[in-house]
Amino acid sequence: APEIPVIDQAYSKLSNSITVEWRAVPGATNYMLTAQDGDSFVETVVKNSPGTVTGLKPATLYRITIRSINSGGKSQPSPFRKVKTVLAAPVLSVHSPSCDSIAVSWKAVHMAAGFSVSVMRSDGLGRMLKESTTNTSLVFTNLDPGTLYTIKAYAWNANGMPGDDFTYNQRTSPNAPADVKVAFNSGALRAVVSWMPTEGALTYSVTVSSGLLKLRCNTSSASCTVPSLQCSSEYYVSVTAYNDAGSSKPTDAVSLKTIPCAPINISIEEDEPGHMLVSWSSVSFGHYYVVFVKSDDGLEVHCNTSYTQCHFQSDCGFTYFISVFAYNKAGQSPLGDVFNYTTAPCCPSDFRAVFMSSDTVRVTWAPVRGADLYETRAAGGSVVVLCKDTATACTLSALQCNTPYNITVYSFSEARGSNTSCAPQYVATAPCSPEIKNISKEGLSVISVHWQSNNEEATYVVTARGEAGLWQCMNTGNSCSLMDLPCGSSFSVSAIARSPAGQSLPSYSVPLETAPCCPNDLILSQVTQSVTNISWSVGMGAQTYVTTLESPKGQAKCHTLQNYCLVGCITCGTNYTVSLRAISETGVTSSCTYQGYSSSACCPSGLKLYRLSNNGIRVFWRASDETINYNVDLRGSKGNFSCTPSSGLSHCDITEIPCGDVYTVVVAPATDKGPKLTFCPKKIYSVTCSGSSVGMVIYRGKSNAKYI
Numbered sequence: 001a002p003e004i005p006v007i008d009q010a011y012s013k014l015s016n017s018i019t020v021e022w023r024a025v026p027g028a029t030n031y032m033l034t035a036q037d038g039d040s041f042v043e044t045v046v047k048n049s050p051g052t053v054t055g056l057k058p059a060t061l062y063r064i065t066i067r068s069i070n071s072g073g074k075s076q077p078s079p080f081r082k083v084k085t086v087l088a089a090p091v092l093s094v095h096s097p098s099c100d101s102i103a104v105s106w107k108a109v110h111m112a113a114g115f116s117v118s119v120m121r122s123d124g125l126g127r128m129l130k131e132s133t134t135n136t137s138l139v140f141t142n143l144d145p146g147t148l149y150t151i152k153a154y155a156w157n158a159n160g161m162p163g164d165d166f167t168y169n170q171r172t173s174p175n176a177p178a179d180v181k182v183a184f185n186s187g188a189l190r191a192v193v194s195w196m197p198t199e200g201a202l203t204y205s206v207t208v209s210s211g212l213l214k215l216r217c218n219t220s221s222a223s224c225t226v227p228s229l230q231c232s233s234e235y236y237v238s239v240t241a242y243n244d245a246g247s248s249k250p251t252d253a254v255s256l257k258t259i260p261c262a263p264i265n266i267s268i269e270e271d272e273p274g275h276m277l278v279s280w281s282s283v284s285f286g287h288y289y290v291v292f293v294k295s296d297d298g299l300e301v302h303c304n305t306s307y308t309q310c311h312f313q314s315d316c317g318f319t320y321f322i323s324v325f326a327y328n329k330a331g332q333s334p335l336g337d338v339f340n341y342t343t344a345p346c347c348p349s350d351f352r353a354v355f356m357s358s359d360t361v362r363v364t365w366a367p368v369r370g371a372d373l374y375e376t377r378a379a380g381g382s383v384v385v386l387c388k389d390t391a392t393a394c395t396l397s398a399l400q401c402n403t404p405y406n407i408t409v410y411s412f413s414e415a416r417g418s419n420t421s422c423a424p425q426y427v428a429t430a431p432c433s434p435e436i437k438n439i440s441k442e443g444l445s446v447i448s449v450h451w452q453s454n455n456e457e458a459t460y461v462v463t464a465r466g467e468a469g470l471w472q473c474m475n476t477g478n479s480c481s482l483m484d485l486p487c488g489s490s491f492s493v494s495a496i497a498r499s500p501a502g503q504s505l506p507s508y509s510v511p512l513e514t515a516p517c518c519p520n521d522l523i524l525s526q527v528t529q530s531v532t533n534i535s536w537s538v539g540m541g542a543q544t545y546v547t548t549l550e551s552p553k554g555q556a557k558c559h560t561l562q563n564y565c566l567v568g569c570i571t572c573g574t575n576y577t578v579s580l581r582a583i584s585e586t587g588v589t590s591s592c593t594y595q596g597y598s599s600s601a602c603c604p605s606g607l608k609l610y611r612l613s614n615n616g617i618r619v620f621w622r623a624s625d626e627t628i629n630y631n632v633d634l635r636g637s638k639g640n641f642s643c644t645p646s647s648g649l650s651h652c653d654i655t656e657i658p659c660g661d662v663y664t665v666v667v668a669p670a671t672d673k674g675p676k677l678t679f680c681p682k683k684i685y686s687v688t689c690s691g692s693s694v695g696m697v698i699y700r701g702k703s704n705a706k707y708i
């Protein structure tokens, strides 16, 4: 084993170690240092001198020994040296209570009699500050704000031996920023806060407060933007600087008044047509207001006022877009609600009312701005007639006749409703249609028409219209007479009423038929002794005719559709009165009288022929009346012969009659005018030649012959 080393010196510079110095031992490769404290010890193997034993307790007395070591083993421990470890370094707690001070505190150190603390700028500038104290805290003042300082502290024992030192870097808190400025962005409702950078500040905090509301903005630069500010608010802005030592005092608060809020409770009304009033509630921090009114045709006007209302001129049928802004030194309020206000549509112009009939009027007008719909209202009495349409025309029907109406055309819009200021127009309807109550015949060709009068200030016109033409009469009362109506005609009679308001509808037509016309010509001709033929011209309007021959001896009558009639049972030699009734299809009758008629005398009877000596024939008959004259006609193939006896005679002689011929013999009463009567019985006689001048006259009847 190597030799025992000898300790030259042993000392403690650190509280947890002791350093030993010795002379080298030949052949030794390592050395073992031992520090013993009572029963505990700490060993350390080192290569050479000096060597340090670590892991020791501060301010503790240790016995230090050393052994040399080689491959042969360990030497015996050297003589010990007693060495006491130095005091432990105080553990500092450091902070900067203000921008120009640093407070240092520590816990008591075992065996320490006092402490020494020094402070110096870490950059080496300035002087060192050193304090010794037996207390456990110190405060260094009058330091530079925001500056990094190095603090070194150690404890010393009763012998003045310093212990371990403790070094700590501490920065003083920053000074409050200077020259704080606030720039307000009214459009974005945010503020940009700027300041002069302060020494040693790492970050800054901007506080924007308003009542209980606080907004913060943290930054490492010299400006910060605070968003989301409220309108109509007053904020107080302060800036605090921060570093790892703490914060500065806040700067003095800077007042920031934001822009006013957009006005609310905006109301728009027209106190009268053409005058629009815009009002609103007052706004905090609003110094004055500007109202912009833009019409839908692009024209814009504005009003600047410190009050809460503005008056504007307005036109009907326009839509106005209205916005209200409040202003103060910070700027213009945000855009609030934009109101659109549509004024009532204009009243229709170029109003015209034209009657289509007595109860129907067509109303037209020019289109107006802003109208989506029109309502035409006709008020007359208690009746109101309405018509709604999008067109600029309306037909009002079922109006009461003879009634004054106030007709008003209102314009409507979906946005505003009706313009109730439109003026009415007075219109009176035409008279009511009269009602014909009675038509009576007042005289020949005179018809009186009566109607019910139910109009005021009306003139009535009665019209009879037919194929024969048109006849009219008029009156303001309730009747008038149609004059000179032709006979045998059919008419349609109607009445109308006229007034300054117009003409009524015609009344219901009443048929009128005048009596048939009496035939102008009536001819009677006796067909037989008891039958008379009556013929007449056509009577206008007559369908059937009744002719009557009447005498004290009796009456003969016939009813026919034709314009002639055969009347039987006529008594010969009798005077008759002649009458005719013309009857229309509906039974209207005209009684017509004519000149009297006398039937012819009765035909003679007992007709006989006698041959005279001079080739003549005497004709005998039995007269019905001795006062009647007769005509005798003989007609044969060899000639026609006639004679007229003197009045009162009942025979007549015809001479120079050729024999050998057959003659037709007619004895008839003589007539004053007109043709001879042909209806008396005809006798046929044959006159023969007998070889002498005397012949034979043979009567040829149906089955017998008579010889004379």
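Going by UniProt numbering, the letters in the sequence shown line up with residues 1 to 708, in that order.
All C-beta atoms in this analysis are idealised placements derived from N, C-alpha and C, irrespective of residue type, glycine included.
Next on the checklist: Out of 337, 330, 298 and 306, which one is the CA nearest neighbour of residue 318?
Outcome noted: 298
Checklist entry - Is the stretch 429-442 touching the stretch 502-516 in the sense that three or more CB pairs, one from each, lie closer than 8 Å? => result Output reads yes: the stretch 429-442 touches the stretch 502-516.
Checklist entry - Going by other Cβ atoms of all chains shown within 10 Å of its Cβ, with 16 needed for buried, is residue 264 buried or exposed? => result Exposed, by the Cβ-count rule.
Checklist entry - Is the stretch 659-676 close to the stretch 613-628, with three or more CB pairs under 8 Å? => result yes
Checklist entry - Which two residues bound the contiguous beta strand (DSSP E) that contains residue 162? => result 162-171
Item to check | Within the UniProt domain "Fibronectin type-III" (262-346), ranges of the beta strand (DSSP E) (whole runs, at least 3 residues) | outcome: Within the UniProt domain "Fibronectin type-III" (262-346), the runs of beta strand (DSSP E) at least 3 residues long that lie entirely inside it are, in chain order, 267-272, 275-279, 288-295, 300-305, 309-313, 319-328 and 339-342.
Next on the checklist: Considering only the alpha carbon of each residue, which of 396, 429, 278 and 25 lies closest to residue 403?
Outcome noted: 429
Checklist entry - What are the complete beta strand (DSSP E) segments, minimum 3 residues, inside the UniProt domain "Fibronectin type-III" (430-517)? => result 435-443, 446-452, 459-466, 469-475, 479-483, 490-499 and 510-513
Next on the checklist: Quick check on the DSSP output: the beta strand (DSSP E) that includes residue 143 runs from which residue to which?
Outcome noted: Element bounds for residue 143: n/a, residue is neither H nor E.
Item to check | Where the beta strand (DSSP E) containing residue 9 begins and where it ends | outcome: 7-14
Checklist entry - Based on the DSSP output, what are the partners of residue 120 in its beta bridges? => result Under DSSP, residue 120 shares a beta bridge with 150.
Item to check | Inter-residue spacing [alpha-carbon to alpha-carbon] between residue 366 and residue 293 | outcome: 28 Å
Checklist entry - Using the C-alpha atoms, what's the distance from residue 186 back to residue 277? => result 29 Å
Item to check | the stretch 40-58 / the stretch 11-29 touching (three or more Cβ pairs under 8 Å) | outcome: yes
Checklist entry - In whole angstroms, what is the alpha-carbon distance linking residue 535 and residue 661? => result 39 Å
Item to check | residue 138 to residue 250 span [Cα, whole Å] | outcome: 26 Å
Next on the checklist: Helix, strand or coil, according to DSSP, for residue 392 in the structure here?
Outcome noted: In this structure, residue 392 counts as coil in the three-state DSSP scheme.
Checklist entry - Between residue 165 and residue 218, what straight-line distance do the alpha-carbon atoms span, to the nearest angstrom? => result Residue 165 and residue 218 have their C-alpha atoms roughly 38 Å apart.
Checklist entry - Taking Cβ positions, are residue 170 and residue 96 nearer each other than 8 Å? => result yes
Checklist entry - What does a CB cutoff of less than 8 Å around residue 309 pick up in its chain, not counting 5 residues either side in sequence? => result When the five nearest sequence neighbours on each side are left out, the beta carbons in the same chain lying within less than 8 Å of the beta carbon of residue 309 are those of 277, 278, 279 and 280, in order along the chain.
Next on the checklist: Taking 7 Å as the cut-off, is the C-beta of residue 26 nearer than that to any heavy atom in the ligand FAD?
Outcome noted: Of ligands this structure carries none, so the ligand FAD is not represented either.
Checklist entry - With respect to the beta strand (DSSP E) encompassing residue 370, which residues constitute its N-terminal and C-terminal limits? => result Run containing residue 370: none; DSSP gives neither H nor E here.
Checklist entry - For residue 357, which residues of its own chain have a beta-carbon under 7 Å away from its beta-carbon, when the five flanking residues on both sides are left out? => result The residues are 505.
Item to check | Spatial neighbours of residue 350 in its chain, beta-carbon cut-off 7 Å, leaving aside the 5 residues before and after | outcome: 365 and 366
Checklist entry - How many Å lie between residue 162 and residue 154 at the Cα? => result 7 Å
Checklist entry - Do residue 377 and residue 384 have their C-beta atoms closer together than 8 Å? => result yes
Item to check | Euclidean distance between Cα positions of residue 483 and residue 527 | outcome: 43 Å
Next on the checklist: Quick check on residue 570: does DSSP put it in helix, strand or coil?
Outcome noted: coil
Next on the checklist: Taking 8 Å as the cut-off, does the stretch 542-551 touch the stretch 612-619 (at least 3 CB pairs, one atom from each stretch)?
Outcome noted: Segments in contact, no.
Checklist entry - Cβ atoms of residue 220 and residue 240: under 8 Å apart, would you say? => result no
Checklist entry - Do the CB positions of residue 474 and residue 462 come within less than 8 Å of each other? => result Going by C-beta atoms, residue 474 is nearer than 8 Å to residue 462.
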